[in-house]
Amino acid sequence: MLRFSVRAVRLWKMNSAIIVAAGKGTRMGANVDKLWLEVVGRPVVAHTWKQFNDAACIDEIILVVRDGMQEHFAELADKFKFQKPFRLVVGGVERQDSVWNGLEAVSARTKIVAIQDAARPCTHAELIAATIEAAQETGAAVAAQPVADTIKETADGKIISRTVDRAKLWSVQTPQTFRVEIIRNAIATARQKGLVLTDDTAACELIGQPVRLVKSAAPNPKVTVPADLPFIESLLRSVV
Ligand code: CTP
Ligand code: MG
Numbered sequence: 020m021l022r023f024s025v026r027a028v029r030l031w032k033m034n035s036a037i038i039v040a041a042g043k044g045t046r047m048g049a050n051v052d053k054l055w056l057e058v059v060g061r062p063v064v065a066h067t068w069k070q071f072n073d074a075a076c077i078d079e080i081i082l083v084v085r086d087g088m089q090e091h092f093a094e095l096a097d098k099f100k101f102q103k104p105f106r107l108v109v110g111g112v113e114r115q116d117s118v119w120n121g122l123e124a125v126s127a128r129t130k131i132v133a134i135q136d137a138a139r140p141c142t143h144a145e146l147i148a149a150t151i152e153a154a155q156e157t158g159a160a161v162a163a164q165p166v167a168d169t170i171k172e173t174a175d176g177k178i179i180s181r182t183v184d185r186a187k188l189w190s191v192q193t194p195q196t197f198r199v200e201i202i203r204n205a206i207a208t209a210r211q212k213g214l215v216l217t218d219d220t221a222a223c224e225l226i227g228q229p230v231r232l233v234k235s236a237a238p239n240p241k242v243t244v245p246a247d248l249p250f251i252e253s254l255l256r257s258v259v
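According to the working numbering, the stretch in the sequence shown is residues 20 to 259, in order.
Structural data, given as structure tokens:
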């Protein structure tokens, strides 16, 4: 009886992941699909998918992909035996549009949604779980790190105008994790205002929703330019 009710509660409150994988990867260079670059034996996106497939705190995965790529993603699931329920949906022109399409596809039982860049393959289960816990409390949370370098502001790209107080600066990553109704409301507001935001927490700022910073204990880099690959490869080599 107890077992039944614990299971019922678990089913009622689902945690979903949206992995956004519908970008063009322009900064990586022409004719290279960065998500499909093979690193330590599998494509970048397969590492990311595996982290969420293996994370006990995630119940379902929505992969947002470019139209025409659905078959390749389905083959990836077969090849690497990803067992967790997943759905493929088509992305949009901007990252924000892809996130929106992902939000339309999450289960009706979803309470918390963790939004992840497919291009960020080193995200650990502990970090995913920590953002979920913080989002349950605050409504919104994001993986982040204090900025390590001293930051300068410049007006013309040549001469320093001033030094920014580093103590107040954090760089944000993914997962960006929310109670689902909060992120739906936040992105709907951005869309109504005709704003295109590069990250989901900016949409929360727009509606006055506090976002908790969750410090990443381990490096959690994104594949953006070719120079990112050696570091990411060394990190993945230590876990695969
Ligand atoms: N993304 C997406 N839909 C878009 C744009 C981006 O799903 N219209 C995804 C990317 O696939 C990536 C993540 O959002 O996993 C983070 O974006 P970014 O690193 O900027 O990737 P790209 O937009 O693909 O690269 P670039 O900006 O260099 O073109
Ligand atoms: Mg981009």
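Beta carbons: idealized from backbone N, C-alpha and C, even for Gly. Bear in mind that the values here come from a model prediction, so they are computed numbers and not experimental data.
Residue i burial status per 10 Å Cβ neighbour count (16 or more: buried)
{"i": "Lys53", "result": "buried"}
{"i": "Gly121", "result": "buried"}
{"i": "Asp219", "result": "buried"}
{"i": "Arg139", "result": "buried"}
{"i": "Gln135", "result": "buried"}
{"i": "Trp189", "result": "exposed"}
{"i": "Leu254", "result": "buried"}
{"i": "Ser257", "result": "exposed"}
{"i": "Ala154", "result": "buried"}
{"i": "Leu167", "result": "The sequence shown places Ala at residue 167, not Leu. Per the 10 Å Cβ criterion, exposed."}
{"i": "Gly213", "result": "exposed"}
{"i": "Gln211", "result": "exposed"}
Identified DSSP bridge partners for residue i
{"i": "Phe197", "result": "Val132, Ala159"}
{"i": "Gln164", "result": "Ser190"}
{"i": "Glu172", "result": "Arg181"}
{"i": "Ala40", "result": "Val84"}
{"i": "Pro62", "result": "Glu57"}
For residue j and residue i, believed in contact at Cβ under 8 Å, the rounded distance
{"i": "Trp68", "j": "Arg128", "result": "Between Arg128 and Trp68 the Cβ distance is about 22 Å, and since that is not below 8 Å, they are no contact."}
{"i": "Pro194", "j": "Thr142", "result": "7 Å"}
{"i": "Ile151", "j": "Cys223", "result": "Their Cβ separation, rounded to whole angstroms, is 16 Å, which puts Ile151 and Cys223 out of contact at 8 Å."}
{"i": "Thr208", "j": "Ile131", "result": "Actually they are not in contact, since the Cβ atoms of Thr208 and Ile131 sit about 20 Å apart, beyond 8 Å."}
{"i": "Glu172", "j": "Arg181", "result": "5 Å"}
Below-8 Å beta-carbon distance, residue i vs any chain C residue
{"i": "Asn72", "result": "Given the protein chain composition of this structure (a single chain), no chain C is represented."}
Sufficient close CB pairs (3 or more, under 8 Å) joining the segment 92-105 to the segment 161-171: Touching, no, given that fewer than three Cβ pairs across the two stretches are closer than 8 Å.
Contact the segment 70-84 vs the segment 32-50: 3+ CB pairs below 8 Å: A contact exists between the segment 70-84 and the segment 32-50.
Contact between the segment 102-111 and the segment 193-202 (3+ Cβ pairs under 8 Å): With the cut-off at 8 Å, the segment 102-111 and the segment 193-202 do not touch.
Pocket of the ligand CTP (residues with CB nearer than 7 Å to any heavy atom), chain order: Answer in sequence order: Val39, Ala40, Ala41, Gly42, Lys43, Gly44, Thr45, Arg46, Met47, Lys53, Leu54, Val83, Gly110, Gly111, Val112, Glu113, Arg114, Asp116, Ser117, Asp136, Ala137, Ala138, Lys241, Thr243.
Any 3 or more C-beta pairs closer than 8 Å across the segment 201-215 and the segment 167-187: Contact fails between the segment 201-215 and the segment 167-187, because fewer than three Cβ pairs, one in each stretch, are under 8 Å apart.
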